[in-house]
Amino acid sequence: MSATDAATSHTIAVLVDNEPGILARVVGLFSGRGYNIESLTVAQTDARQNLSRITIVTSGTPMVIEQIKAQLDRLVPVHRVHDLTLGGAHIERELALVKVKGTGEKRVEALRLADVFRAKVIDAKNDSFVFEVTGASDKVQTFVGLMEQLGLVDVGRTGIVAMTRGGEAF
Amino acid sequence: MKPEESATTGADLLVKALIDEEVEVVFGYPGGAVLPIYDSIFKQNRLRHVLVRQEGGAVHAAEGYARSTGKVGVVLVTSGPGATNAVTGLTDALMDSVPVVCLTGQVPTHLIGNDAFQEADTTGITRPCTKHNYLVKSVGDLARTVHEAFYVARSGRPGPVVIDLPKDVLMNKHEYEAPKKPVQHKSYRPQTRPDPKKIEQAFELIANAKRPVFYTGGGVVNSGPKASKLLTQLVHLTGYPITNTLMGLGTFPASDKQFLGMLGMHGTYEANLAMYNCDVLIDIGARFDDRITGKIAEFSPKSKKIHIDIDPSSINKNVRVDLPIVGDAGEALDGLIKLWKAKQPKTDTKALKAWWAQIEEWRGRKCLAYTQGKETIKPQYALERLYHHIKDRDHYITTEVGQHQMWAAQFLKFEQPNRWMTSGGLGTMGYGLPAAIGAQIAHPEALVIDVAGEASILMNIQEMSTAAQYRLPVKIFILNNQYMGMVRQWQELLHGGRYSESYMESLPDFVKLAEAFGAHGLRCYDPAKLDETIKEMIAIKGPVIVDVGVDKAENCFPMIPSGAAHYDMLLGPNDRAAKPVSEEGMVLV
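Residue numbers (my numbering), protein chains in the order written: chain A, 1 to 170; chain B, 171 to 759.
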């Protein structure tokens, strides 16, 4: 393993204290050290212990990925860092809200495709829909791509959340 | 007693918490936001305050105090410019792993974010230059935060911690909370005990080495003086050669014949070639800094590498190692010594003899040689003479940054840890004088010398006023070559001798400058009078500035040009033409 190895994408879950500035610490670490952030999600996940889970998708050579994890683990309010990509089988999901405007055949086609992708209609007007679609990122991306031809107006994506398969934590 | 009756102001709580953390001295500068703290300091006499002349000086002074004692250095500055002036020192302490707690004033909580007078986003600004920082929003959190900050600053890999204190928090009342021992932090738990299995693997590698070298750094200093004793013991048990990083000087006695001197860009020929040719490299508490490795692709290519470090993020960062061991240097050394004594390994004496013979041959090149003439003082000579006169005294050395710093590392000998304070990672010009002040405060009877350049010293010259106020007998030994010497050296090597802006015109008269600050000034430009001047400097009771005029054209050798490998050293001026610096090397610093 060396610095010249190819870069691969890794999904890393980080359990942190839910305190002011924690996200800035994590994001600042990535920008300050020149690492990539491809996706980042964060929300409180344990109200009793006041913990948040940050899910980061990043890419780098194995040496860089190892550095990223060591640097994250070094932050004082970080409880645990888990590399889901290295950890084996895991599930990654993303949610998107997709707004499509159109009438006639385009509108019907959008609805039909939404059904194929198991996207839910969560807002409807005479000439627009807002779909909620969840799934792996490539599924979400494919759905958004199809909607582009059918009057896509706006997209909001959450970024990836991920979890290991099986009964173990993380 | 009712709780309200036992409650005290945040400022009083803070002072009490500092005293409970065994703080004896605070380096600081007052201002509007911290006036309640200054009032609390005024009303007691356990905690001493040293008034610096600029907040940057306060942090370096705290660093000098911390590095010469092993304790946490404490800084107190006001909001806004007080905090921003401290940023360089904080970054310096972060790079060199110095335990510092910096208390910054802040505008009252209801004004935060309002662009109030002397407001700055201190936690935002200092987030990347501290190990951790806190904004205390309620007086109820204050004492606990201070105790936690001290724990974070001093444990694991030490570093600077900022506590931002809004003025209303300092004025509000609450009960005091004493520190809890032992500290159990909910998320921060540095690993100090190394994995015994890995220590055993390390032992096997070390015992079977044919061309070994110990490479040790500041991690050994930070582990405490016992670690340096253990290191010396292990190196003696094995009979192997050892080299130190700039930060690690003093962890092994420099006068010992197993010591190869410092390694790296301006390290010795023997140390760098031992690194290049070794078969087992034992890194204890050093982080493979770019000044050490030179060209990474050609760094110690034939060796199995063991890396013992308390900071997991330092391992496999620049150089991939074969055996990473996370833990405290002292504990790892202790484990290795116990194994060595229990197993009494038979080392490969034949191979080791050949290895030492090779090292002696490299040593025979006398890479630090220079010629002292009758006319001008060579900087190397000035430092050799300085060392001659101080070596039998209890002394501490600080430096500024540049050529003089490298010469000091090469020509002064360090027999013990915590005696050498220099800005290694950040390379902060202006570090040496305030650091000397901090060291002198901690060791009032010792001889504290700042080896300086005429350019660096001007960066924090205002701290002469601090030295004068507290009658601190620091000695500032300026090697004056009228250039920013290291800049000039690089311009000579890399930029065709175009000395752009590196000549110092209109330098002050350092003797008069010293006198203006109420100190003594001495000047020496004659090699024959050097000894006399140094003796006079030592004999004077108060602070002294010595202006030593040295050869303007002297360069610092040996040198590994940037981007070059260890075997590609320039040993002197004549080597220069033969080895032009590569284009890749030009872009490196």
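Backbone N, C-alpha and C define an ideal beta-carbon position, used for all residues, glycine too.
Report task. Indicate whether at least one CB of chain A lies closer than 8 Å to the CB of residue 486(B). Result -> The beta carbon of residue 486(B) falls within 8 Å of a beta carbon belonging to chain A, placing the residue at that interface.
Report task. Would you mind telling me which residues of chain B sit closer than 7 Å to residue 70(A), beta carbon to beta carbon, in chain order? Result -> Within chain B, the residues near residue 70(A) are 482 and 483.
Requested in this report: Please state whether DSSP places residue 441(B) in a helix, a strand or coil.
Outcome: Here residue 441(B) sits in helix by DSSP.
Query raised in the report: Near residue 598(B), what residues of its chain come up, given a Cβ to Cβ distance below 7 Å and the 5 sequence neighbours on each side ignored?
Result: Cβ-Cβ distances below 7 Å link residue 598(B) to 258, 262 and 571 in the same chain, with the five nearest sequence neighbours on each side left out; the list follows chain order.
**Report entry** Residue ranges of each beta strand (DSSP E) within the segment 652–733 of chain B, 3 or longer
**Finding:** Runs found: 690–694 and 714–719.
Query - Simplified DSSP state of residue 241(B), which is helix, strand or coil - result: Residue 241(B) falls in the coil class under three-state DSSP.
**Report entry** Straight-line gap, residue 147(A) to residue 102(A) (C-alpha atoms, nearest Å)
**Finding:** The alpha-carbon atoms of residue 147(A) and residue 102(A) are separated by roughly 11 Å.
Query raised in the report: Residues bridged to residue 272(B) by DSSP?
Result: The beta-bridge partner set that DSSP reports for residue 272(B) consists of 245(B) and 332(B).
Requested in this report: Rounded to whole angstroms, what's the CA-CA distance from residue 13(A) to residue 157(A)? Just pull it up for me.
Outcome: The straight-line gap from Cα to Cα measures roughly 18 Å.
Query raised in the report: Bridge partners of residue 128(A), per DSSP?
Result: Note: residue 128(A) sits in a beta bridge opposite 101(A) and 125(A).
Query raised in the report: Sorted by chain position, which residues of the same chain lie with C-beta nearer than 8 Å to residue 395(B)'s C-beta, five sequence neighbours on each side aside?
Result: Correct list, in chain order: 240, 586, 587 and 588.
Query - Interfacial residues, the segment 122–152 of chain A to chain B, with Cβ spacing under 7 Å - result: The residues in question: there are none.
Requested in this report: Report, in whole angstroms, the separation of the C-beta atoms of residue 576(B) and residue 664(B), which I expect to be a contact under 8 Å.
Outcome: With a Cβ gap of about 17 Å, residue 576(B) and residue 664(B) do not count as contacting.
Requested in this report: Just the C-alpha distance for residue 375(B) and residue 84(A), rounded to the nearest angstrom, thanks.
Outcome: Counting only the Cα atoms, residue 84(A) lies some 34 Å from residue 375(B).
Report task. Check the Cβ of residue 63(A) against every Cβ in chain B and list those closer than 9 Å, keeping chain order. Result -> Result: 486, 487 and 490.
Query raised in the report: According to the neighbour-count rule (16 or more other Cβ atoms, all chains shown, within 10 Å of its Cβ), is residue 631(B) buried or exposed?
Result: Answer is buried; the Cβ neighbour count reaches 16.
Query raised in the report: Three or more C-beta pairs closer than 8 Å, one from the segment 710–728 of chain B and one from the segment 537–551 of chain B: is that the case here?
Result: Enough Cβ pairs lie closer than 8 Å, so yes.
**Report entry** Cβ neighbour criterion (16 or more within 10 Å) applied to residue 492(B)
**Finding:** By the neighbour-count criterion, in which a residue is buried when 16 or more other Cβ atoms sit within 10 angstroms of its Cβ, residue 492(B) is exposed.
Query raised in the report: What does a CB cutoff of less than 6 Å around residue 458(B) pick up in its chain, not counting 5 residues either side in sequence?
Result: Here the set comprises 488 and 489.
**Report entry** Identified DSSP bridge partners for residue 9(A)
**Finding:** 59(A), per the DSSP bridge assignment.
Report task. Please list the partners that residue 13(A) has in chain B, where partner means a Cβ-to-Cβ separation under 8 Å. Result -> Under the 8 Å cutoff, chain B gives no residues; its nearest Cβ is about 15 Å from residue 13(A).
Report task. Please go through the same chain and pick out, in chain order, the residues whose beta-carbon is closer than 6 Å to the beta-carbon of residue 181(B), but skip the five residues on each side of it. Result -> Beyond the five residues adjoining it in sequence on each side, residue 181(B) comes within less than 6 Å, by CB distance, of 206, 207, 210 and 340 in the same chain, given in chain order.
Report task. Report yes if the C-beta distance between residue 382(B) and residue 448(B) is below 8 Å; otherwise report no. Result -> A contact, by the Cβ cut-off of 8 Å.
Query raised in the report: Can you tell which of 471(B), 323(B), 330(B) and 343(B) has its C-alpha closest to the C-alpha of residue 359(B)?
Result: Residue 323(B) is the option with its Cα nearest to residue 359(B).
Query raised in the report: What number of angstroms, rounded off, separates the C-alpha of residue 446(B) from the C-alpha of residue 739(B)?
Result: A straight-line Cα-Cα distance of about 12 Å links residue 446(B) and residue 739(B).
Query raised in the report: Does the count of Cβ pairs from the segment 229–238 of chain B and the segment 279–290 of chain B closer than 8 Å reach three?
Result: With a cut-off of 8 Å, the segment 279–290 of chain B and the segment 229–238 of chain B do not count as touching, because too few Cβ pairs lie within range.
Requested in this report: Provide the residue(s) that pair with residue 31(A) in DSSP beta bridges, ordered along the chain.
Outcome: Answer is none; residue 31(A) lacks a bridge partner.
Query raised in the report: Is any beta-carbon of chain B found at less than 8 Å from that of residue 46(A)?
Result: Output row for residue 46(A): interface = no.
Query raised in the report: Of all Cβ atoms in chain A, is any one closer than 8 Å to the Cβ of residue 321(B)?
Result: Not an interface residue.
Requested in this report: Look up residue 576(B) in the DSSP assignment and say whether it is helix, strand or coil.
Outcome: Residue 576(B) falls in the helix class under three-state DSSP.
Query raised in the report: Does any C-beta atom of chain A lie closer than 8 Å to the C-beta of residue 293(B)?
Result: Under the 8 Å criterion on CB atoms, residue 293(B) is classed as interfacial with respect to chain A.
Requested in this report: Round the Cβ separation of residue 566(B) and residue 613(B) to the nearest angstrom and send it over; I've been treating them as touching at under 8 Å.
Outcome: Rounded, the Cβ-Cβ distance is 6 Å, consistent with contact.
Query raised in the report: Does residue 25(A) come within less than 8 Å of chain B when only Cβ atoms are used?
Result: Yes - at least one Cβ of chain B is within 8 Å of the one on residue 25(A).
**Report entry** Cutoff 8 Å: residue 357(B) Cβ touching any chain A Cβ
**Finding:** For residue 357(B), the answer is yes, since a Cβ of chain A falls inside 8 Å of its Cβ.
Query raised in the report: Going by other Cβ atoms of all chains shown within 10 Å of its Cβ, with 16 needed for buried, is residue 94(A) buried or exposed?
Result: Burial of residue 94(A) is indicated by the presence of at least 16 other C-beta atoms within 10 angstroms of its C-beta.
Query raised in the report: Roughly how many whole angstroms lie between the Cα atoms of residue 641(B) and residue 607(B)?
Result: Each residue's Cα considered, the two are about 10 Å apart.
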